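For what it's worth, numbering that gives the first Met the number 0 labels the leading residue of the sequence shown as 0, then goes sequentially. Ideal Cβ placement from N, Cα and C applies to all residues, glycine included. Nothing here was measured: the structure is a model prediction, and the numbers come from that model. This report refers to the structure that appears directly beneath it.
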Amino acid sequence: MALPPLTAGPNEVRVYITRILVCKHDAAPELAQQIARQWTLGRPGDLRRAGMKYFDQVFGSEVGTFLFRTVQEDIRAEWDQSLLGIVIFWTPILSIGLTVFFVVRAYRQTSATGMIASIRYATLTFGPPMVFCGFQDGYNSFQAMKIVSGMIVSFFAFLWYAVRFCELLEARSKEKKKAA
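Shown next as structure tokens:
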């Protein structure tokens, strides 16, 4: 069910709560309206930010827990259908696909420079996108795994580029010494 827009008032929140209770919890319409009336002044933004303790305080522990979970399901469904939610869903898949492509490409390379370049590309296509997705998607159970794996790969990619940069600086200084 769609959450009420953020600009809506408390009345729309009560209508939403009534719909949830009737449609998803098979409550009688009269009972659902009676429970929804307990929501007094809060707007949709308050509903989205409210924790389980608040739901238990307002609706009672028997109804509040189930209502909280249902609202969280709707918030997650809304997030999944948003543009950012879609991007966050597909980015790891694309990232892993490109990483596998570059690793296979590195394995098939005959020259060392081509292999190193492919592995460097693999670290860049895996590390930063995973960190980005991990920090953006707070609803995913794999959030910590994305962040940690992305940070590890990004750290090694940074080291790789730092070593390569130092090698280039050293080569330039040797060339300048030879020229002088």
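(message) Can you tell me whether Arg-13 is buried or exposed? The criterion is at least 16 other CB atoms within 10 Å of its CB, across all chains shown.
(response) buried
(request) With a 10 Å radius around its C-beta and 16 neighbouring C-beta atoms as the bar for buried, classify Phe-154 as buried or exposed. (result) By the neighbour-count criterion, in which a residue is buried when 16 or more other Cβ atoms sit within 10 angstroms of its Cβ, Phe-154 is exposed.
(request) Examine the Cβ distances between the stretch 121-141 and the stretch 97-110 and report whether three or more of them are shorter than 8 Å. (result) Taking 8 Å as the limit for Cβ pairs, the verdict is that the stretch 97-110 does touch the stretch 121-141.
(request) In the DSSP assignment, find the alpha helix (DSSP H) that holds Phe-141 and state where it starts and stops. (result) That residue, Phe-141, is in no alpha helix (DSSP H); it is neither H nor E in DSSP.
(request) Would you decide whether Val-130 is buried or exposed? Buried here means 16 or more other CB atoms lie within 10 Å of its CB. (result) buried
(message) Check whether the stretch 138-151 and the stretch 169-177 touch, using three or more Cβ-Cβ pairs below 8 Å as the test.
(response) Counting C-beta pairs closer than 8 Å gives fewer than three between the stretch 138-151 and the stretch 169-177, which falls short of the contact rule.
(request) Give a yes or no on whether the C-beta atoms belonging to Phe-134 and Val-152 are separated by under 9 Å. (result) no
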